[in-house]
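Notes follow once the structure below has been shown.
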Amino acid sequence: MTAARPWACGAEPERPDGAARPWACGAERERPDGVAAASLERAAWDVLRSVEDPELPIAITDLGLVRDVHVDAGGRVSVRLVPTWTACPALVVIRGRVREGLLAIPGVRDVSVEYTYDEPWTLERMTSRGREQLAAHGLDVPACRFAEPPVCPYCGSHDVAMDSLFGPTLCRSTYVCRQCRNPFERFKPPAEP
Amino acid sequence: MSAALATIADPAVRAAFREWLLRVADDELMIGHRHSEWTGVGPDIESDVAMSSIAQEELGHARLIYEQIAADEPGGVDRLAFDRPPAEFRNAVLLEQPNQGWEFSIVRLALYEAFEGHRLALLARCGHEPVASLAATLGREERYHGLFAGTWLERLAGPPAPQSRGQTQSGDARARVQAALEAAWPYALGFFETTEADGTLLRAGLLGESAERQREAWEASVRPLLERCGLNVPAAEPSLGGRRGVHTPDLTQMHTEMTEVWRSDPEARW
Numbered sequence: 000m001t002a003a004r005p006w007a008c009g010a011e012p013e014r015p016d017g018a019a020r021p022w023a024c025g026a027e028r029e030r031p032d033g034v035a036a037a038s039l040e041r042a043a044w045d046v047l048r049s050v051e052d053p054e055l056p057i058a059i060t061d062l063g064l065v066r067d068v069h070v071d072a073g074g075r076v077s078v079r080l081v082p083t084w085t086a087c088p089a090l091v092v093i094r095g096r097v098r099e100g101l102l103a104i105p106g107v108r109d110v111s112v113e114y115t116y117d118e119p120w121t122l123e124r125m126t127s128r129g130r131e132q133l134a135a136h137g138l139d140v141p142a143c144r145f146a147e148p149p150v151c152p153y154c155g156s157h158d159v160a161m162d163s164l165f166g167p168t169l170c171r172s173t174y175v176c177r178q179c180r181n182p183f184e185r186f187k188p189p190a191e192p
Numbered sequence: 000m001s002a003a004l005a006t007i008a009d010p011a012v013r014a015a016f017r018e019w020l021l022r023v024a025d026d027e028l029m030i031g032h033r034h035s036e037w038t039g040v041g042p043d044i045e046s047d048v049a050m051s052s053i054a055q056e057e058l059g060h061a062r063l064i065y066e067q068i069a070a071d072e073p074g075g076v077d078r079l080a081f082d083r084p085p086a087e088f089r090n091a092v093l094l095e096q097p098n099q100g101w102e103f104s105i106v107r108l109a110l111y112e113a114f115e116g117h118r119l120a121l122l123a124r125c126g127h128e129p130v131a132s133l134a135a136t137l138g139r140e141e142r143y144h145g146l147f148a149g150t151w152l153e154r155l156a157g158p159p160a161p162q163s164r165g166q167t168q169s170g171d172a173r174a175r176v177q178a179a180l181e182a183a184w185p186y187a188l189g190f191f192e193t194t195e196a197d198g199t200l201l202r203a204g205l206l207g208e209s210a211e212r213q214r215e216a217w218e219a220s221v222r223p224l225l226e227r228c229g230l231n232v233p234a235a236e237p238s239l240g241g242r243r244g245v246h247t248p249d250l251t252q253m254h255t256e257m258t259e260v261w262r263s264d265p266e267a268r269w
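Here the protein sequences come in this chain order: A and B. Sequential numbering from 0 applies to the first sequence in numbering that gives the first Met the number 0. Sequential numbering from 0 applies to the second sequence in numbering that gives the first Met the number 0.
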């Protein structure tokens, strides 16, 4: 924690751009049919990287929704996802698209896609690439905490006023910039765990 | 779907835990539906969107808790939400009451969120997965609801802001909020109505706090807000019934309306 950025979380910069989390280090080699499973797992991640959030221009891997992927030698793929907001209607759409994509991979026989709650979704799960894409879309994304000072995504001013905690989707709040007079939206994570 | 109840060996404890989960889910279903009645007719566009979002979240929370119960039961979530007689609902009566006016909805929201936040924290510490993790997740989402309620309560009844934007309250507004508080308070105390289940859960170590302690914690959190707004905290006796399935005709009426589409074809897949 520094005085300049009291909200800085440290965990985020350690994450390589756009890379998935460090889940599958070496474990795949221990499987009896390791080569086939490893190739299925790579194909599964390709599918996950291709699925976008239907309400925001960001891949679910960049949003940090993917908790883990398991592939067995029998062609069974299990994916666990972490929802940002549990009542978000996009969750159903995302699950359907992940399922469809995985089932289309040659060699995949069975697919399970579940939402899990044992690890909370936090802003740290979002990749730098995802943040850049949302910023380009005109959305201010806090580094770590909603309590950070908001920034106008158009002119960079901190002289902004909240219009409403509840915006067009559950994960967005609305603001007005006093400097450039633009209304803008800000990503709203669930309150800190 | 992991089963929340099947892993509890003692049938009495299992039934008590089911009852606790039903209270949570039924509370969320009822208040979620009441909030949704503001969609399109809220006092301003922001509040309309906010109340609709809160409604969406409460209904989503109800669904997730029903899923935990329904994992081991026939009929699934739809049966629990739509196909039970009123006497099987365990929600507090306050949450089935009609909106009456914006001030009543805001008072109810403020009183409920203070209770709900604390209850979810207790559920998050129940030590039984996956319910505990789920409750922690839902609790994080609820916190914004309380902020919204508090902001509106202060706007309606609190002291004038130094830089008011022409939207400060009049004496009439505060009187109306006070009247709504008088009407809601006895039913809000019904949040803490107990049944045999409470003792069972306390003894089993799933519930970490008695209803009396929960009520004290709730009062300690709502009193400062109400007093800051210049409101008098009523001294009324609790109005009970909901936790034992005793409801008002308001529930029946709302439930009939809520289930109209579902009843037209219960087997339909949406």
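Glycine is no exception: its CB is placed at the ideal position from the N, C-alpha and C atoms. Remember, predicted model here, so these are calculated numbers, not experimental data.
Closest Cβ-Cβ distance between residue i and chain A: below 8 Å?
{"i": "Val-76/B", "result": "no"}
{"i": "Glu-56/B", "result": "yes"}
{"i": "Ala-49/B", "result": "yes"}
{"i": "Phe-278/B", "result": "Here chain B comprises residues numbered 0 to 269, so residue 278/B is not present and cannot be evaluated."}
{"i": "Tyr-65/B", "result": "no"}
{"i": "His-21/B", "result": "The residue asked about is misnamed: residue 21/B is Leu in this sequence, not His. Cβ-Cβ to chain A under 8 Å: no for Leu-21/B."}
{"i": "Leu-152/B", "result": "no"}
Listing by chain order, which chain A residues have their CB less than 7 Å from the CB of residue i?
{"i": "Ser-52/B", "result": "Phe-165, Leu-169"}
{"i": "Arg-142/B", "result": "Ala-190"}
Would you identify the three-state DSSP class for residue i, choosing helix, strand or coil?
{"i": "Asp-109/A", "result": "strand"}
{"i": "Ser-132/B", "result": "helix"}
{"i": "Pro-73/B", "result": "coil"}
{"i": "Tyr-174/A", "result": "strand"}
{"i": "Arg-262/B", "result": "helix"}
{"i": "Arg-185/A", "result": "strand"}
{"i": "Ser-193/A", "result": "Look at the range of chain A in this structure, 0 to 192, and you will see that residue 193/A is not part of it."}
{"i": "Tyr-65/B", "result": "helix"}
{"i": "Val-150/A", "result": "coil"}
{"i": "Ala-210/B", "result": "helix"}
{"i": "Met-161/A", "result": "strand"}
{"i": "Leu-110/B", "result": "helix"}
{"i": "Asp-47/B", "result": "helix"}
{"i": "Ala-23/A", "result": "Only weak support exists for where Ala-23/A lies, its pLDDT of 38 falling under 50; the value from the coordinates is given anyway. Ala-23/A falls in the coil class under three-state DSSP."}
{"i": "Asp-82/B", "result": "coil"}
{"i": "Tyr-116/A", "result": "coil"}
{"i": "Leu-152/B", "result": "helix"}
{"i": "Leu-138/A", "result": "strand"}
{"i": "Ser-52/B", "result": "helix"}
{"i": "Gly-129/A", "result": "helix"}
{"i": "Glu-191/A", "result": "coil"}
{"i": "Leu-169/A", "result": "coil"}
{"i": "Ser-156/A", "result": "coil"}
Name the chain B residues whose beta carbon is nearer than 8 Å to that of residue i?
{"i": "Pro-141/A", "result": "Within 8 Å Cβ-Cβ: nothing; Pro-141/A doesn't reach chain B, min ~14 Å."}
{"i": "Tyr-116/A", "result": "Pro-129, Ser-132, Leu-133, Ala-135, Thr-136"}
{"i": "Asp-162/A", "result": "Glu-45"}
Please check if any C-beta of chain B sits within less than 8 Å of the C-beta of residue i.
{"i": "Tyr-84/A", "result": "Reading off the sequence, residue 84/A comes out as Trp, not Tyr. Closer than 8 Å to some Cβ of chain B, the Cβ of Trp-84/A qualifies, so yes."}
{"i": "Ala-10/A", "result": "Any reading at Ala-10/A needs caution, since the residue's pLDDT is 45, under 50, leaving its predicted position unreliable; the model's value is listed next. Answer no: the Cβ-Cβ gap between Ala-10/A and chain B never drops below 8 Å."}
{"i": "Pro-189/A", "result": "yes"}
{"i": "Asp-109/A", "result": "no"}
{"i": "Gly-25/A", "result": "The predicted model places Gly-25/A with a pLDDT of 41, which falls under 50 and marks its position as unreliable; any figure quoted below should be read in that light. With 8 Å as the cut-off, Gly-25/A does not count as an interface residue toward chain B."}
{"i": "Pro-192/A", "result": "yes"}
Interface residues of chain B around residue i at Cβ under 9 Å?
{"i": "Pro-53/A", "result": "Per Cβ cutoff of 9 Å: no residues; Pro-53/A is ~16 Å from chain B at best."}
{"i": "Cys-119/A", "result": "Position check: residue 119/A holds Pro in this sequence, whereas Cys was assumed. Ser-132, Ala-135, Thr-136, Arg-139, listed in chain order."}
For residue i and residue j, I'd like the C-alpha separation in whole angstroms.
{"i": "Thr-38/B", "j": "Val-48/B", "result": "7 Å"}
{"i": "Val-140/A", "j": "Phe-183/A", "result": "11 Å"}
{"i": "Ser-108/A", "j": "Leu-122/A", "result": "According to the sequence as given, residue 108/A is Arg; it is not Ser. If you take the alpha carbons of Arg-108/A and Leu-122/A, they lie about 34 Å apart."}
{"i": "Pro-185/B", "j": "Ser-132/B", "result": "32 Å"}
{"i": "Thr-60/A", "j": "Phe-103/B", "result": "43 Å"}
{"i": "Leu-20/B", "j": "Ala-156/B", "result": "35 Å"}
{"i": "Val-23/B", "j": "Ser-263/B", "result": "27 Å"}
{"i": "Leu-101/A", "j": "Ala-43/A", "result": "6 Å"}
{"i": "His-136/A", "j": "Ala-89/A", "result": "18 Å"}
{"i": "Leu-93/B", "j": "Arg-107/B", "result": "8 Å"}
{"i": "Cys-210/A", "j": "Pro-42/B", "result": "In the structure displayed, chain A extends from 0 to 192; residue 210/A sits before or after that span and is not available."}
{"i": "Pro-31/A", "j": "Ala-72/A", "result": "At Pro-31/A the pLDDT is 48, less than 50, meaning the model places this residue with poor confidence; the figure from the coordinates comes in the next sentence. When rounded, the distance between both Cα atoms is 8 Å."}
{"i": "His-34/B", "j": "Gln-99/B", "result": "12 Å"}
{"i": "Leu-152/B", "j": "Thr-194/B", "result": "32 Å"}
Which bits of chain A does residue i rub up against, with CB to CB less than 9 Å?
{"i": "Gly-229/B", "result": "What Gly-229/B touches in chain A: nothing, since even the nearest Cβ is about 24 Å away."}
Using a Cβ cut-off of 7 Å, pull out every chain B residue sitting near residue i, in sequence order please.
{"i": "Pro-148/A", "result": "What Pro-148/A touches in chain B: nothing, since even the nearest Cβ is about 17 Å away."}
{"i": "Asp-67/A", "result": "Correct list: empty, because the minimum Cβ distance to chain B is about 15 Å."}
Just to make sure I have the definition right: I need the residues of chain A whose C-beta is within less than 8 Å of the C-beta of residue i. Which are they?
{"i": "His-60/B", "result": "Thr-85, Ala-86"}
{"i": "Leu-94/B", "result": "Simply none; closest approach about 17 Å."}
{"i": "Leu-146/B", "result": "Leu-164"}
Start-end ranges of the alpha helix (DSSP H) lying completely within the region 1-44 of chain B, minimum 4 residues: For the region 1-44 of chain B, whole alpha helix (DSSP H) runs of length 4 or above, ordered along the chain, are 10-35.
Runs of 4 residues minimum, wholly inside the region 57-104 of chain A: which ones carry the alpha helix (DSSP H) assignment? 59-62, 89-102
Start-end ranges of the alpha helix (DSSP H) lying completely within the region 231-257 of chain B, minimum 4 residues: Counting only unbroken stretches of 4 or more residues, the alpha helix (DSSP H) elements lying wholly within the region 231-257 of chain B are 248-257, in sequence order.
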